[in-house]
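J.: Encoded as structure tokens, here's the structure I'll be asking about.
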Amino acid sequence: MDEPTSSLTLRESEKLFEIVEELRHSGISVIYISHSLEEVLKIAERITILRDGERVGDLGAKDTHHDEIVRLMVGREFSTWFPKRLGKPGEVVLEVKSLVVPGSSFGVSFQARRGEILGFAGLVGSGRTELMRTIFGIDAPLGGLMKFEGSVFRPRTPRDAIRRGIYLAPEDRKLHGLVPAMEVDKNISLPDIGNYRPRWILQRKIERRVATEQVSKLAVKTPSIRQRVVNLSGGNQQKVVLGKWLAMQPRLLILDEPTRGIDIGAKAEIYRHIATLADSGITVLMISSEMEEILGMSDRLIVFHERRITGEIPREEATEEKVLRLMTGKEHAA
Amino acid sequence: MRKELGMFIALVGLCTIIAISNPAFYGETNLLNTTRQIAMLGIFAIGVSFVIITGGIDLSVGSIIGLSGVIVARISAPVAETDLVSGAGYHISLGITIALLVSMGIGLVQGLLVTGLGLQPFIVTLGGMLLIRGVSQTITQGGNISFLNSPFRGLADEGLGMGAGINIPYPVLMCVGVLVAGTYLLHFTVFGRHLYAIGGNREAAEYSGVPVKRVETFAYVISAGLAGLAGIAYAAYIGQMSHTVGEAYELYAITAAVLGGCSLRGGEGTVVGVIIGSAIMRIMDNGINMFQIPYTDLVDGKEVQKFWRLSENWRNIINGGVILGAVILDQISHRISMRRKRKVNRE
């Protein structure tokens, strides 16, 4: 069974556990995959822990405990390729007050500062992407309010958010970030081309200049800016998404899983760009499900569990175990 | 532009074959008629291509052509006592203005239903197609409204004198105007870029701040407006309007657009391509009348020159076959280029 409870209610899950128990008694072996440590500890006899496709531990459920599993799951040392931050976060630019996001019934509140990288940790489906979609104006909030740079911010479309300098690099690049059949230059210019002057005719020259600039700044590997983005690798596609926003002086940049499906080399480059942006005074909200990345990059961490904020941790106090405990709902921060 | 070039070569080939088989093909009368037919189809095919490029479809254009013509006839055709329904005899400019406004209004309503309520373009314009046809029928009360000898008919039959006895028919001038304006809008404005972006990936366009609903609604207004314009040309050309004028024309327009390089998935197509597609449609139609193979037959021991001709009954079979053939060819070339690309990427 692979994450069998992910779409079940608590009651249904209990029922499922009973069935698993019955199966076990009638002599059927069960392999049970789950992200929920409680579940695993509850029903398993033996626990195997995998990390990056390798087996890192084999434990008897009776002889182990929550923390040991967590340690094995995250295990490895921090790598050193996360860039050093130069700037210090400034004044509060984004204030989110008891914002109720569609699909949730809890209010979410937090603040983000100028030049700060604010990390959002949590399990997949914990409500982080939905929060960002609301801030970017894709979904309307059910309640609560937002303030951006001192004034009330109530975006009804992404267009409203973009007008305030709030940009989003979405989780699914191909679905939401890019027009795959369009060329690199057209993708980069898409949000801004309506502002190039004179407006009565398409400004191809400006478009090419802006695209060339971003392609060289971000070191996008492409034969030309006339290449269709569908032919680029994942890392270079992500750079095109970034380039399209960096060309328009962001004030707040939302990055949803910015390095998903990207090779290590491009990852390190993207980390450097993010750090440089924050150092130049841009506020970055970053969602990541990679523990190492979120800990390495964030100035401050907000942890989500089942659509609620379960903790807010400054960089110095952030440890993998602490974050994991918060995101699995094992503990609430004081 | 590679698709367009391919279809242009096909068009030239088609013309050559017909011209060789029957010199009357490039006779003045036939050339003039065929050009006018191409122009009238081109006007509304370009309109529909705006919607197709956004990834939508407009099935209502044939009915809008009919309604537009019927409105012009009802308002501006001369009063005739003998007929069941007749024109009201107002100035022709009033009829044309109202016909165009009504057409664009229909486009606006359909566009808002698609973008505002999120209804499927196919269903909305299918409903529109039936409903608008019905409105034409109530206006004509199932009969004909004749323009009699109204000078309005000159709009199709006459043209701009170029000297040396050459007249460019007004519908051709209209089509050239639409071609120029369409090329500008689609290829040289931000609006056009937004149309392609929406057709290429609606969500990404939305996430990039493209005013998707506004742009898309406007595409339906353009489509309906140009259908209205074409309807006026057809009314002048036919000289009388019944509610059946323009039936199935939406399919000609969609076919012309697809032959000319538009993809029904959206995000692809050019104005020039659509004109080439329209020309292929009309010349094929004309070619079915014109094409002939001479042969000699022995009658009573004497050699008699005879011509083998295509049967009129084959028209739909040939049209349908060409459309399917073009789409199949396009898909095959698409697959081949994708495979080549994948190979390059792997290396």
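In order, the protein sequences belong to chains A and B.
Oh and the first sequence: position 317 is 387 in this note's numbering, straight run, nothing missing.
Oh and the second sequence: position 102 is 966 in this note's numbering, straight run, nothing missing.
Cβ coordinates follow ideal geometry from the N, Cα and C atoms, glycine included.
1. Closest to Gly930/B by CA distance: which of Ala1097/B, Met1202/B and Glu1132/B is it?
2. Inspect the beta-carbon positions of Ala1068/B and Gly906/B and report whether they are closer than 9 Å.
3. Let me confirm a value: Glu1167/B is counted as buried when at least 16 other C-beta atoms fall within 10 Å, else exposed. Which label applies?
4. What's the gap between the Cα of Ile324/A and the Cα of Val140/A?
5. Taking 9 Å as the CB-CB cut-off, is Glu945/B touching chain A?
6. Distance check for His343/A and Leu80/A, CA to CA, integer angstroms please.
7. Could you tell me whether the Cβ atoms of Ser1087/B and Val912/B are closer together than 9 Å?
8. Looking at chain B, is there any beta carbon in it that lies within less than 9 Å of the beta carbon of Met252/A?
9. Closer than 7 Å by beta-carbon distance: list the chain B residues that pair up with Pro240/A, in chain order.
10. How is Met1038/B classed by DSSP in three states: helix, strand or coil?
11. What's the gap between the Cα of Lys256/A and the Cα of Tyr1084/B?
12. Give the straight-line distance between the Cα atoms of Thr353/A and Arg1066/B, rounded to the nearest whole angstrom.
13. Assuming Ser967/B and Ala1091/B form a contact by the criterion Cβ under 8 Å, report the distance between their Cβ atoms to the nearest whole angstrom.
14. Let me make sure I understand the geometry here. Which of Gly1064/B, Leu1093/B and Leu1059/B has the alpha-carbon closest to that of Glu1080/B?
15. State buried or exposed for Phe1171/B, treating a residue as buried only when at least 16 other CB atoms are found within 10 Å of its CB.
16. CB Ile372/A to CB Gly189/A, shorter than 9 Å?
17. For Ile882/B, which residues of its own chain have a beta-carbon under 8 Å away from its beta-carbon, when the five flanking residues on both sides are left out?
18. Give a yes or no on whether the C-beta atoms belonging to Asp72/A and Ile187/A are separated by under 9 Å.
19. So, using beta-carbon positions, are Ile939/B and Gly951/B closer together than 9 Å?
20. Which chain B residues sit within Cβ distance under 8 Å of Val110/A?
21. Find the residues of chain A that neighbour Glu1067/B, judging by a C-beta separation of less than 7 Å, and give them in chain order.
22. Thr1053/B CB to nearest chain A CB: under 9 Å?
23. Please state whether DSSP places Arg229/A in a helix, a strand or coil.
24. What are the complete beta strand (DSSP E) segments, minimum 3 residues, inside the segment 1159-1206 of chain B?
25. Pick helix, strand or coil for Tyr954/B, following the three-state DSSP scheme.
26. Quick check: what's the CA-CA separation for Met318/A versus Gly351/A?
27. Could you compute how far the alpha carbon of Asp230/A sits from the alpha carbon of Ala1061/B?
28. State buried or exposed for Met1145/B, treating a residue as buried only when at least 16 other CB atoms are found within 10 Å of its CB.
29. Give me the DSSP bridge partner(s) of Ala182/A.
30. Could you name the residues of chain A that Gly1064/B contacts, counting a contact when the two beta carbons are closer than 8 Å?
31. I'd like to confirm the pairing. Which residues does DSSP put opposite Thr353/A in its beta bridges?
32. Mind listing which residues of the segment 91-121 of chain A have their C-beta closer than 8 Å to chain B's C-betas, in chain order?
33. Tell whether a beta-carbon distance below 9 Å holds between Ala909/B and Gly1185/B.
34. Look up Val1085/B in the DSSP assignment and say whether it is helix, strand or coil.
35. Should the segment 307-315 of chain A be regarded as contacting the segment 273-289 of chain A, the criterion being three or more beta carbon pairs within less than 8 Å?
36. What three-state label does DSSP hand Ala239/A in the structure shown?
T.: This is what the structure gives:
1. In the second sequence, counting from the first residue as 1, residue 930/B sits at position 66. Of the candidates Ala1097/B, Met1202/B and Glu1132/B, the one whose C-alpha sits nearest the C-alpha of Gly930/B is Ala1097/B.
2. By one-based count along the second sequence, residue 1068/B stands at place 204. By one-based count along the second sequence, residue 906/B stands at place 42. The criterion of a C-beta distance shorter than 9 Å is not satisfied by Ala1068/B and Gly906/B.
3. Taking the first residue of the second sequence as 1, we reach residue 1167/B at position 303. Under this definition Glu1167/B is an exposed residue.
4. Numbered from 1 along the first sequence, position 254 holds the residue referred to as residue 324/A. Numbered from 1 along the first sequence, position 70 holds the residue referred to as residue 140/A. Ile324/A and Val140/A: Cα-Cα distance of roughly 28 Å.
5. Residue numbering aside, residue 945/B sits at position 81 when the second sequence is read from its first letter. At a cut-off of 9 Å between beta-carbon atoms, Glu945/B makes no contact with chain A.
6. Taking the first sequence and counting its residues from 1, one reaches residue 80/A at position 10. Taking the first sequence and counting its residues from 1, one reaches residue 343/A at position 273. Straight through space, the alpha carbons of His343/A and Leu80/A are spaced by roughly 43 Å.
7. Within the second sequence, residue 1087/B is the residue found at index 223, counting from 1. Within the second sequence, residue 912/B is the residue found at index 48, counting from 1. The Cβ atoms of Ser1087/B and Val912/B lie closer than 9 Å to each other.
8. Residue 252/A sits at position 182 when you count from the first residue of the first sequence. Taking 9 Å as the threshold, the shortest C-beta distance from Met252/A to chain B falls below it.
9. Within the first sequence, the letter at position 170 stands for residue 240/A. Tyr1071, listed in chain order.
10. Residue mapping note: residue 1038/B aligns to position 174 of the second sequence, counting from 1. If DSSP states are grouped into helix, strand and coil, Met1038/B belongs with the helices.
11. Locating residue 256/A in the first sequence gives position 186, where the first residue counts as 1. Locating residue 1084/B in the second sequence gives position 220, where the first residue counts as 1. Each residue's alpha carbon lies about 24 Å from the other.
12. Along the first sequence, read from residue 1 onward, the residue named residue 353/A stands at position 283. Along the second sequence, read from residue 1 onward, the residue named residue 1066/B stands at position 202. Arg1066/B has its alpha-carbon roughly 28 Å from the corresponding atom of Thr353/A.
13. Residue mapping note: residue 967/B aligns to position 103 of the second sequence, counting from 1. Residue mapping note: residue 1091/B aligns to position 227 of the second sequence, counting from 1. Confirmed, Cβ separation roughly 6 Å.
14. Locating residue 1080/B in the second sequence gives position 216, where the first residue counts as 1. In this structure, Leu1059/B is the residue among Gly1064/B, Leu1093/B and Leu1059/B with its C-alpha nearest to the C-alpha of Glu1080/B.
15. Mapped onto the second sequence, residue 1171/B falls at position 307. The residue is exposed, with fewer than 16 neighbouring Cβ atoms inside 10 Å.
16. Taking the first residue of the first sequence as position 1, residue 372/A is located at position 302. Taking the first residue of the first sequence as position 1, residue 189/A is located at position 119. In contact: Ile372/A and Gly189/A (Cβ atoms closer than 9 Å).
17. By one-based count along the second sequence, residue 882/B stands at place 18. Counting only Cβ-Cβ distances below 8 Å, and skipping sequence neighbours, we find Phe889, Ile1147, Asn1150, Gly1151, Met1154 and Phe1155.
18. By 1-based counting over the first sequence, the position of residue 72/A is 2. By 1-based counting over the first sequence, the position of residue 187/A is 117. It is not a contact, given that the beta carbons lie outside the stated cut-off.
19. In the second sequence, residue 939/B corresponds to position 75, counting from 1. In the second sequence, residue 951/B corresponds to position 87, counting from 1. At a Cβ-Cβ threshold of 9 Å, Ile939/B and Gly951/B count as neighbours.
20. Within the first sequence, the letter at position 40 stands for residue 110/A. Contact of Val110/A with chain B by beta-carbon distance below 8 Å is absent, the smallest such distance being about 36 Å.
21. As a first step, residue 1067/B must be located in the second sequence, where it is residue number 203. Under the 7 Å cutoff, chain A gives Leu245 and His246.
22. Residue mapping note: residue 1053/B aligns to position 189 of the second sequence, counting from 1. For Thr1053/B, the answer is yes, since a Cβ of chain A falls inside 9 Å of its Cβ.
23. Locating residue 229/A in the first sequence gives position 159, counting from the first residue. In this structure, Arg229/A counts as helix in the three-state DSSP scheme.
24. With a minimum length of 3 residues, the continuous beta strand (DSSP E) runs that stay inside the segment 1159-1206 of chain B are 1166-1173.
25. Counting from one through the second sequence, the residue named residue 954/B turns up at place 90. Judged by DSSP in its simplified three-state form, Tyr954/B adopts coil rather than helix or strand.
26. Here residue 318/A corresponds to residue number 248 of the first sequence, with the count starting at 1. Here residue 351/A corresponds to residue number 281 of the first sequence, with the count starting at 1. The straight-line gap from Cα to Cα measures roughly 14 Å.
27. As a position in the first sequence, residue 230/A is number 160, starting the count at 1. As a position in the second sequence, residue 1061/B is number 197, starting the count at 1. C-alpha separation (whole angstroms): 19 Å.
28. Here residue 1145/B refers to the residue found at position 281 of the second sequence. By the 10 Å Cβ count, Met1145/B comes out buried.
29. By 1-based counting over the first sequence, the position of residue 182/A is 112. Leu164/A.
30. Taking the second sequence and counting its residues from 1, one reaches residue 1064/B at position 200. In chain order: Val249, Pro250, Ala251 and Met252.
31. As a working mapping, residue 353/A is identified with position 283 in the first sequence. BP columns for Thr353/A point to Leu322/A.
32. Correct list: empty, as no residue qualifies.
33. For this step, residue 909/B is matched to residue 45 along the second sequence. For this step, residue 1185/B is matched to residue 321 along the second sequence. The answer is no: Cβ separation not under 9 Å.
34. Taking the first residue of the second sequence as position 1, residue 1085/B is located at position 221. Three-state DSSP puts Val1085/B in a helix.
35. Because the criterion of three Cβ pairs below 8 Å is met, the segment 307-315 of chain A and the segment 273-289 of chain A touch.
36. What you label residue 239/A is simply residue 169 of the first sequence in a count that begins at 1. Three-state result, Ala239/A: strand.
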